[in-house]
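Please read the structure below before turning to the comments.
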Amino acid sequence: MSVVPSALSADNPVTEGDVHDAVAKLGFRVRDDEVDAFRTLLAAAHDTFEELSKLEEYHPPSHPERSPCENVRPGTVDNDLGSPWAYRFKLGPLTSTTTPSSTGTKCGSLLAGKTIVLKDNICVAGIPQSNGTNATPSWIPQMDATVVTRILGAGGRIVGTATCEALSCATVSNTAAVGPIFNPWAKGYSAGGSSSGVAALVGSQKSFDDNGMPVKVDMGLGADQRGSIRVPAAFCGLVGLKATFGLIPYTGVISCEPVLDHVGPMCTSVWDTALLLEAIAGKDGFDDRQMNAHELGEIKYSSNLREWYRKVVNPPGSKPLAGMRLAVITEAIDAPFVDETIKREVADVSKQLESLGASVTEVSIPCHITARSLWMGVCRQSLTSVALGNPHGRRCYYPPGFQATIIPWTQDKWDNLPPGMRNEFINGVYEREKYPNLYQKCMNLTLKVTQEYEKVFKDVDALVLPSVPWTAPKLFDRETATSMDQISSTFGQTLNTMQFNLTGHPAMSIPTGLAKDKTKSSDHLLPLSVQLVARLHGEETLLRIGYAYEKAFDWKSRFCE
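If you read the sequence shown in our numbering, its first letter stands for residue 1290, the second for the next number, and so on.
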């Protein structure tokens, strides 16, 4: 036993009944001759647990020059965007320079003049957080996420948190407790999810303050477990980067499933994406996802990109992607639900990339299909376990206070969850009961799938595939839509994104053109996109391809029938 029993506290409440109850919850019975011994040992454990519960909490350090958030107020409804703001406030920019550290405390100029909004699952000390739901009460973080500290250290100004979908578990922008979020290109259409508010605010480039004055949001940070950065970026005309697993610290961001968690940039350009990535990427010493990450500031993504581009476009007339080997994944194009417009767009963009000097071929990756099911086998059980109060087995920082808002679950909490979230819980409990070894098997097969993708990258620099299977759809009416209508509205939406959460490969959605919605029933023009995927830690390859593309082509002037 790790703690030796000694004199028990005078008010120790443990009884033999507690022993029987604990063993019964395991599905067993305790032997009569052991009850007293186990009661003594449990009483000693109780005293230890009591002592531990009274210890002062530990929080990773915030930026030493950080002052409290100013002008804090809840978000209000925007006539054009719905309810994209969770909370509005002012934090930064900082005015002094301090010594750099792993969490990022150097007030530099990388993000000087930039305004940034954060998904409402990223902790900001003192700012209430709901994670998109009213099923559980809001809570107030006591610390800043590492990415917040690093943004401040790079000279950025954080202007608020953005509404996300309920518990970050939907890819349609109609599940948040505060109401729907509208696509900035077409009111009434989905902004995607679950980083929906970030996409709407950054994509619109204009929201309004409480006095009706325009407010511009330059950059955003979303989180992505199956496509929650890339899907809303694709729908709203943004660049959305899910970096290599662990490259950007997840410390202080609410987890859905630790092996799938990613946090990353959502910006209007590849250049801004490079700036924000450089400001936040690298080890922080708290997140065990970061085993293979580089140090903060070690890779100069923005200056490297600028220098690379300067070289490849000289002399004038040079093709910037000369020698770049790209391949379209056959299984991604042939996936269920992929609209013909999307298939044509991938083909058209491939030709544009060829005009920049790249070679584009097709490649078959059968595991691309298998990985979809593996993702489900991993996520359903683990997400349910985390939500039911079992977030263990990690060497990382657990934001105190959040778990208390979830546990215990009640009927009221359950009833306030959207149907999609309830479905995931039902799936997870069923999987755990009926297939208790399936999670482990799926994780083992994930190692194999990851290696199969890596083999492809021996002959290819990057993969090209759809980000989403269609343009942004119209939102359903929450008052009249059935549970199945709500759940089925997202069927197929992440069939080409979830694989790379599982394998950890860097994946970036870039806007490439405009088209009517898939029903062709309106005159709204909605963004098109493609997704680029590179080998592990191949972010610079993605940035180069995306930057060369956006320098050569104006996606807002391209219309695809």
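Just so it is clear, CB atoms sit at the ideal spot from N, CA and C, and this is done for glycine as well.
Our contact map puts residue i next to residue j with C-beta atoms below 8 angstroms; I'd like the distance itself, whole angstroms only.
i: residue 1408; j: residue 1453; result: 5 angstroms
i: residue 1511; j: residue 1372; result: Rounded, the Cβ-Cβ distance is 17 angstroms, inconsistent with contact.
i: residue 1483; j: residue 1451; result: Not quite, the Cβ-Cβ distance comes to about 11 angstroms (not below 8 angstroms), so this is no contact.
i: residue 1475; j: residue 1421; result: Wrong, their Cβ atoms sit about 22 angstroms apart, outside the cutoff.
i: residue 1753; j: residue 1615; result: 5 angstroms
i: residue 1834; j: residue 1821; result: 6 angstroms
i: residue 1784; j: residue 1625; result: 7 angstroms
i: residue 1652; j: residue 1755; result: Actually they are not in contact, since the Cβ atoms of residue 1652 and residue 1755 sit about 15 angstroms apart, beyond 8 angstroms.
i: residue 1646; j: residue 1608; result: 3 angstroms
DSSP has residue i in a bridge; who is on the other side?
i: residue 1731; result: DSSP output for residue 1731 lists no bridge partner at all.
i: residue 1428; result: 1418
i: residue 1602; result: Its beta-bridge partners do not exist; DSSP assigns none.
i: residue 1472; result: 1475
i: residue 1367; result: 1371
i: residue 1610; result: Its beta-bridge partners do not exist; DSSP assigns none.
i: residue 1634; result: Partner(s): none; residue 1634 has no beta bridge.
i: residue 1450; result: 1376 and 1407
i: residue 1440; result: In the DSSP output, where bridge partners are listed per residue, residue 1440 has none listed.
What residues in its chain sit with their C-beta under 6 angstroms from that of residue i, if we drop five residues either side in the sequence?
i: residue 1322; result: none
i: residue 1790; result: 1514, 1515 and 1549
i: residue 1689; result: 1346
i: residue 1380; result: 1358 and 1447
i: residue 1466; result: 1422 and 1423
i: residue 1327; result: 1308
i: residue 1257; result: Nothing about residue 1257 can be reported from this structure: the residues present for the chain run from 1290 to 1850 only.
Only counting the same chain, and skipping five residues up and downstream in sequence, which positions put a Cβ closer than 7 angstroms to that of residue i?
i: residue 1657; result: 1618, 1620, 1621 and 1788
i: residue 1554; result: 1508, 1510, 1530, 1562, 1565 and 1566
i: residue 1415; result: 1357, 1358 and 1429
i: residue 1774; result: 1765
i: residue 1297; result: 1332, 1333 and 1336
i: residue 1503; result: 1495 and 1497
i: residue 1628; result: 1758, 1759 and 1807
Classify residue i as helix, strand or coil using the three-state DSSP reduction.
i: residue 1787; result: helix
i: residue 1544; result: coil
i: residue 1531; result: strand
i: residue 1580; result: coil
i: residue 1815; result: strand
i: residue 1396; result: Here the model assigns residue 1396 a pLDDT of 46, short of 50, so the residue's position is not dependable, and the following value carries that caveat. Here residue 1396 sits in coil by DSSP.
i: residue 1556; result: strand
i: residue 1759; result: coil
i: residue 1666; result: helix
i: residue 1691; result: helix
i: residue 1649; result: strand
i: residue 1379; result: strand
i: residue 1349; result: coil
i: residue 1587; result: coil
i: residue 1764; result: coil
i: residue 1492; result: helix
i: residue 1503; result: strand
i: residue 1780; result: coil
i: residue 1809; result: coil
i: residue 1521; result: helix
i: residue 1497; result: strand
i: residue 1320; result: coil
i: residue 1820; result: strand
i: residue 1736; result: helix
Assign residue i to one of two classes, buried (16 or more other C-beta atoms within 10 Å of its C-beta) or exposed (fewer than that).
i: residue 1713; result: buried
i: residue 1661; result: buried
i: residue 1254; result: Residue 1254 is absent from the model: the chain starts at 1290 and stops at 1850.
i: residue 1377; result: buried
i: residue 1352; result: buried
i: residue 1696; result: exposed
i: residue 1644; result: exposed
i: residue 1308; result: buried
i: residue 1715; result: exposed
i: residue 1767; result: exposed
i: residue 1836; result: buried
i: residue 1780; result: exposed
i: residue 1338; result: exposed
i: residue 1349; result: buried
i: residue 1374; result: buried
i: residue 1444; result: buried
i: residue 1538; result: buried
i: residue 1400; result: buried
i: residue 1240; result: Given that the chain is displayed from residue 1290 to residue 1850, the structure contains no residue 1240 and the question cannot be resolved.
i: residue 1826; result: buried
CB-CB under 8 angstroms to residue i, same chain, minus the five flanking residues each way: which ones, in chain order?
i: residue 1776; result: 1708, 1709 and 1712
i: residue 1803; result: 1814, 1815, 1816, 1817, 1844, 1845, 1847, 1848 and 1849
For residue i, is the beta carbon positioned less than 7 angstroms from some heavy atom of the ligand ZN?
i: residue 1362; result: The model on display carries no ligand, and the ligand ZN is accordingly not part of it.
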